[in-house]
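Numbering (the numbering used here), first residue to last: 29 to 349.
Heads up, the beta-carbon is just placed ideally off N, CA and C, and yes, glycines get one too.
In this text the structure is predicted, and so the values were computed from the model without any measurement.
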């Protein structure tokens with residue numbers, strides 16, 4: 029298993045400077061954002077698709093530092109009810125797929141997206157309960173008219189360009205926010221669809237990430253190392269659904285945290301062991317969104333913590349059996 033980082037921590041740096049920073053931390057890989065909600069500070073796919081020289085320079089820069097790209101990420105909403113918004117994110121996603129195929133990156137991380145409840149809506153609608161019946165009717169429309177048709181097209185597009193792994197991040201506000209929703213879309217639109225497993229979004233929903241890993245064992249394509257802390261003193265009053273700004277830390281039901289600051293060694297050792305159990309042996313990509321720590325401190329603490337709990341080497345023969 030390898031350790032990497034999402035490049036959003038280094039957006040103020042040039043690409044070369046970001047790669048130098050990743051190397052200085054002793055990491056193996058970098059995940060690079062390529063559009064959608066993520067700025068294209070380090071890679072603008074459209075530019076690279078038109079310039080073979082830039083692709084060669086990227087490859088050389090990575091090789092020089094002994095690094096590789098774990099995934100290209102384009103977190104977007106291609107089913108947003110505002111056409112201009114959706115079209116831009118779809119353009120970003122398709123260019124990211126094309127670039128991944130061109131430079132040999134096997135994985136593209138994204139969101140499934142969230143539609144409105146009709147073609148006349150202005151904003152997405154995240155539906156989390158079945159009644160009154162109009163919620164169930166709207167949810168059926170979202171899946172049958174928007175999500176499934178779009179992702180059938182996008183899996184075919186990815187297949188055409190040699191990308192076999194599209195990794196959804198299960199995220200609040202997205203149609204795919206839990207393992208059952210991810211498996212539903214995968215079954216409907218193709219095995220190219222899998223998971224970018226980020227436990228931080230699952231904790232606050234009451235999902236046990238280790239149980240979720242077992243449920244998604246055949247389709248975990250990429251993993252984010254990120255924690256979250258649920259605050260009982262708030263949830264006992266207001267529950268876990270919380271739309272207060274992330275900056276209002278004392279009032280929120282939960283916060284994103286650096287690994288180890290939401291859950292302890294016992295959890296994270298079990299997490300790593302369960303990944304090994306399902307034969308995941310790729311990258312843990314650190315994503316830092318801890319509002320209580322600087323990026324540098326959060327990354328350093330995450331690296332130190334994860335190096336203690338990661339399982340690096342093949343297990344070898346079971347000599348006792």
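CB-CB length for residue i against residue j, believed under 8 Å
i, j, result
"residue 203", "residue 137", "Not a contact, Cβ separation roughly 16 Å."
"residue 193", "residue 135", "5 Å"
"residue 105", "residue 141", "4 Å"
"residue 251", "residue 280", "Wrong, their Cβ atoms sit about 25 Å apart, outside the cutoff."
"residue 318", "residue 274", "In fact, because the Cβ distance is near 10 Å, the residues do not count as touching under 8 Å."
"residue 197", "residue 139", "6 Å"
Distance between residue j and residue i (C-alpha atoms, nearest Å)
i, j, result
"residue 380", "residue 99", "In the structure displayed, the chain extends from 29 to 349; residue 380 sits before or after that span and is not available."
"residue 81", "residue 88", "10 Å"
"residue 39", "residue 60", "10 Å"
"residue 226", "residue 184", "26 Å"
"residue 219", "residue 150", "31 Å"
"residue 57", "residue 160", "47 Å"
"residue 322", "residue 53", "15 Å"
"residue 301", "residue 339", "8 Å"
CB of residue i within 8 Å of CB of residue j, strictly
i, j, result
"residue 294", "residue 333", "no"
"residue 269", "residue 213", "no"
"residue 284", "residue 238", "no"
"residue 206", "residue 241", "no"
"residue 47", "residue 31", "no"
Exposure label - residue i; buried when at least 16 CB within 10 Å
i, result
"residue 247", "buried"
"residue 343", "exposed"
"residue 215", "exposed"
"residue 154", "exposed"
"residue 168", "exposed"
"residue 253", "buried"
"residue 123", "buried"
"residue 326", "buried"
"residue 92", "exposed"
Which residues DSSP lists as bridging residue i, in chain order
i, result
"residue 256", "284"
"residue 378", "Beyond the ends of the chain as shown, which are 29 and 349, falls residue 378; an answer cannot be given."
"residue 101", "61 and 137"
"residue 32", "57 and 313"
"residue 248", "223"
"residue 96", "57"
The ligand FAD heavy atom lying under 7 Å from the CB of residue i
i, result
"residue 218", "This structure lacks the ligand FAD, and indeed carries no ligand of any kind."
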